[in-house]
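Chains as they are written, first to last, in our numbering: chain A, 9 to 140; chain B, 4 to 512.
For each residue, glycine too, the CB sits at the ideal point set by N, CA and C.
Since the model is a prediction, treat every value here as computed from it, not as a measurement.
In what follows, a single structure is set out as structure tokens and then discussed.
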């Protein structure tokens, strides 16, 4: 099992910086934009950062893909280093969840556009009146 | 057969959902999903009996026969069994509501889609409640959330679309926070099984990563639970969703989130970390008290009945989270856990009352065509049975003795007094008085303001009245037979506490 101290140190913790920057970028777009599509894009960036976080976590220094090599016999795989496949597999599920969320959100935006004629949140709020 | 009940709870609604799409016919779909819900209720009942016979042990069910650590485990103890019974119970009442009448379940001709989403939502809730795997919780949470966004967007007004969109944004942020938290926990412990996590966390408990993981998880669950500052999505989602969806979500979705919070606090991180090291109760208690008052006061000023009870839900969630904070501890020794019992029993009680209230509003919408309180004149004379049910549910929300609402408040006050929080006990009673105000608002219009036009009786159809009165009967029955729900909640609290590493001293040290 991988622990935090097994993550390659020669790169420092730069992947965490990437993850955190992307996460905050996405969150900022979600909060600051009024355009409903742009907010969904922000949400996607936000989710992608988490996927990168998991994938980086599962990587072991010098590790290869956890596939049983064809030319080795049983018992000969102990000296090989594999990356931890579990976080990667988890992210397959998370990607599916992300796609489902995006699809549903876009479908909602289509219907919002049909009934309001706009996808700017401030305009929609104006149409609905002050009761929010 | 009975050994497979835990997995059948998830599988039954999951398989029933696509069959709904094939049936297409509205009435047929309603009957089919009702049968599925009743089957689940039977499984839940069987599991509760099984758990009570085990005396504090956990049922461990290896999904697909894959044992730990490879497979995913379903863990069921007293706390899960109680939550599962609440969800299936509410589903069994809401699904057959208005069985012979269309127009209650989403747009005309799309009822099969509505019920498919409904069953998927139930499947997700079941999954969260029974699984013992942290990542599984996230997946099922997203299944629930995605189907509830779709359900909310089926409301009749176009504002339902925006409500669903905002809930989607908030819910996805919450879900992703939970995912990040699980990632940190996995990085720390190398496992996703909650029991294993609980075993391995103490060795890394001083690491700052643990605190960050806890922060992400709590925030994520807090958004789903609508804890005080994170509740903005709830009023809109509840007021614009179809009434049946509101009744179902109010009775189940927040309840399951509360259960996840309990698991997080007690099973995963443990009492020593949550209460003694971080002192979470010092933050959560003021937030719960604010929620109780802000929710109730906001409810008083609403003109839309659905919105009124949505704000009331925020206040009631405050009671539940308050229960956690009222735990009276001395180190790891539990001196008194009446507050926690009160919080857990309030899960059941609030589910019955709120589900009943929203179903009553559904009747009003169906017959009188309005949710605006001012237009409900003559409600009591036009629909006397519905109105009588409303009075029972209203009294229960207030917490009048003889109704379930009283039971939970009694436990909470007991817990507050035992812990020496006399002010909190006073505030619980004071906020009940606020509930009198907002319940009275509707009674005043419905009973004392007679409409000018002649009154004709338009009682709600029997298929709507029977589910409502079943809930109201439960609200009165469990108000008197307190040892039933109170006993199960007490066992659940005790199981959670002992899983959290607590010892029971009893009395003063």
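Open item on the list: Which of the three DSSP states is assigned to residue 47 of chain A in this structure?
Closed with: Here DSSP, grouped into helix, strand and coil, assigns residue 47 of chain A to helix.
Task: Other residues of its chain near residue 344 of chain B: CB distance less than 6 Å, five sequence neighbours each side excluded - done: Within its own chain, the residues whose Cβ lies closer than 6 Å to the Cβ of residue 344 of chain B, once the five positions on either side in sequence are excluded, are 414, 492, 493, 496, listed in chain order.
TODO: Would you kindly report the start and end of the unbroken beta strand (DSSP E) that includes residue 337 of chain B?
DONE: DSSP places residue 337 of chain B in the uninterrupted beta strand (DSSP E) bounded by 336-339.
- [ ] Would you kindly check if the distance between the Cβ of residue 197 of chain B and the Cβ of residue 13 of chain B is under 7 Å?
- [x] For residue 13 of chain B and residue 197 of chain B, no; Cβs fall outside 7 Å.
Task: Cα-Cα separation between residue 29 of chain B and residue 112 of chain B, rounded to whole angstroms - done: Taken atom to atom, the span from the alpha-carbon of residue 29 of chain B to that of residue 112 of chain B is near 7 Å.
Task: Touch test, the region 258-266 of chain B against the region 289-306 of chain B, Cβ-Cβ under 8 Å, three pairs minimum - done: No, they do not touch.
- [ ] Step through the CB atoms of chain A and report whether any lies within less than 7 Å of the CB of residue 513 of chain B.
- [x] The displayed coordinates of chain B run from 4 to 512. Any statement about residue 513 of chain B would go beyond what the structure contains.
TODO: Taking C-beta pairs closer than 8 Å, name the residues in chain B that residue 108 of chain A reaches, listed in chain order.
DONE: Chain-order list of chain B residues neighbouring residue 108 of chain A: 145, 149, by C-beta distance under 8 Å.
Task: contact_flag[the region 469-488 of chain B, the region 119-126 of chain B] where n(CB pairs < 8 Å) is 3 or more - done: Not touching, per the Cβ criterion.
- [ ] Provide the residue(s) that pair with residue 77 of chain B in DSSP beta bridges, ordered along the chain.
- [x] Paired residues: B:64, B:134.
Task: Secondary structure of residue 128 of chain A, DSSP reduced to three states - done: In the structure shown, residue 128 of chain A falls within a strand segment according to DSSP collapsed to helix, strand and coil.
Task: Bridge partners - residue 375 of chain B, DSSP secondary structure assignment - done: DSSP lists B:307 as the beta-bridge partner residues of residue 375 of chain B.
Task: Enclosing beta strand (DSSP E) for residue 331 of chain B [first to last residue] - done: Residue 331 of chain B -> beta strand (DSSP E) spans 331-333.
Task: residue 140 of chain A burial status per 10 Å Cβ neighbour count (16 or more: buried) - done: At residue 140 of chain A, the pLDDT of 44 sits below 50, so the modelled position is not reliable; the number obtained from the coordinates is stated separately. Counting Cβ neighbours within 10 Å, residue 140 of chain A comes out exposed, since fewer than 16 surround it.
Open item on the list: With a threshold of 7 Å between beta-carbons, can residue 105 of chain A be considered close to chain B, or not?
Closed with: Cβ-Cβ to chain B under 7 Å: yes for residue 105 of chain A.
Task: Residues of the region 125-143 of chain B with Cβ closer than 7 Å to any Cβ of chain A, in chain order - done: Answer in chain order: 138, 142.
- [ ] Leaving aside the five residues before and after residue 249 of chain B along the sequence, list all residues of the same chain whose C-beta is less than 7 Å from its C-beta, in chain order.
- [x] Same-chain partners within the cutoff: 241, 309, 361.
Task: Where residue 239 of chain B sits in the DSSP three-state scheme - done: The answer is helix: DSSP assigns residue 239 of chain B an H, G or I state.
TODO: Please specify which runs of the alpha helix (DSSP H), each continuous and at least 4 residues long, are wholly inside the region 109-180 of chain B, giving them in chain order.
DONE: Fully enclosed alpha helix (DSSP H) runs of 4 or longer: 114-133, 137-155.
Open item on the list: Less than 7 Å between CB atoms is the rule here; does residue 54 of chain B satisfy it with respect to chain A?
Closed with: Chain A, which has no Cβ nearer than 7 Å to the Cβ of residue 54 of chain B, makes this no.
Open item on the list: Counting only Cβ pairs nearer than 8 Å, list the residues of chain B close to residue 65 of chain A.
Closed with: Here the neighbours are 186, 189, 190.
Open item on the list: 7 Å is my cut-off, CB to CB: does residue 513 of chain B come that close to chain A?
Closed with: Residue coverage of chain B in this structure runs from 4 to 512, which leaves residue 513 of chain B outside it and unanswerable.
TODO: Please name the residues in the region 113-126 of chain A whose beta-carbon is closer than 8 Å to at least one beta-carbon of chain B, in chain order.
DONE: Within the region 113-126 of chain A, the qualifying residues are 113, 116, 117, 119, 120, 123, 124.
Open item on the list: With the cut-off set at 7 Å, would you say residue 21 of chain A and residue 175 of chain B are in Cβ contact?
Closed with: For the pair residue 21 of chain A and residue 175 of chain B, the CB atoms are not nearer than the 7 Å cut-off.
Task: Beta-carbon spacing of residue 209 of chain B, residue 253 of chain B below 7 Å - done: Not in contact: residue 209 of chain B and residue 253 of chain B (Cβ atoms no closer than 7 Å).
Task: Candidates B:416, B:374, B:408, B:364, of which the one nearest residue 391 of chain B by Cα - done: With distances taken between Cα atoms, residue 391 of chain B lies closest to B:364.
Open item on the list: Run through the DSSP bridge pairs and tell me what residue 196 of chain B is partnered with.
Closed with: Under DSSP, the beta-bridge partners assigned to residue 196 of chain B are B:136.
Task: the region 461-473 of chain B in contact with the region 365-377 of chain B per 3-pair CB rule at 8 Å - done: Cβ pair count under 8 Å is three or more, so yes.
Task: Residue environment, residue 285 of chain B, which counts as buried when at least 16 other CB atoms sit within 10 Å - done: Taking every protein chain shown into account, the CB of residue 285 of chain B has fewer than 16 other CB atoms within 10 angstroms, so this residue is exposed.
TODO: For the alpha helix (DSSP H) containing residue 411 of chain B, list its first residue and its last residue.
DONE: For residue 411 of chain B, the enclosing alpha helix (DSSP H) begins and ends at 407-421.
Open item on the list: Given this structure, state the Cα-to-Cα distance separating residue 47 of chain A from residue 275 of chain B, to the nearest angstrom.
Closed with: The alpha-carbon atoms of residue 47 of chain A and residue 275 of chain B are separated by roughly 40 Å.
Open item on the list: So, at 6 Å on beta carbons, what are the nonlocal neighbours of residue 337 of chain B in its own chain, with the 5 sequence-adjacent residues on each side left out?
Closed with: Cβ-Cβ distances below 6 Å link residue 337 of chain B to 500, 505, 507 in the same chain, with the five nearest sequence neighbours on each side left out; the list follows chain order.
Open item on the list: Can you confirm whether residue 162 of chain B, when its beta carbon is compared against all beta carbons of chain A, has any partner nearer than 7 Å?
Closed with: Yes, residue 162 of chain B counts as interfacial toward chain A.
- [ ] Using 10 angstroms around the beta-carbon of residue 114 of chain B, count the other beta-carbons present and answer buried if the total reaches 16, otherwise exposed.
- [x] Taking all protein chains shown into account, residue 114 of chain B has 16 or more neighbouring C-beta atoms within 10 Å of its C-beta and is therefore buried.
TODO: Could you work out which residues of chain B lie near residue 95 of chain A, taking near to mean beta carbons separated by less than 8 Å?
DONE: Near residue 95 of chain A (Cβ distances below 8 Å), the residues of chain B are 186, 189.
Open item on the list: Taking 7 Å as the threshold (beta carbon to beta carbon), is residue 30 of chain A in contact with chain B?
Closed with: No, residue 30 of chain A does not count as interfacial toward chain B.
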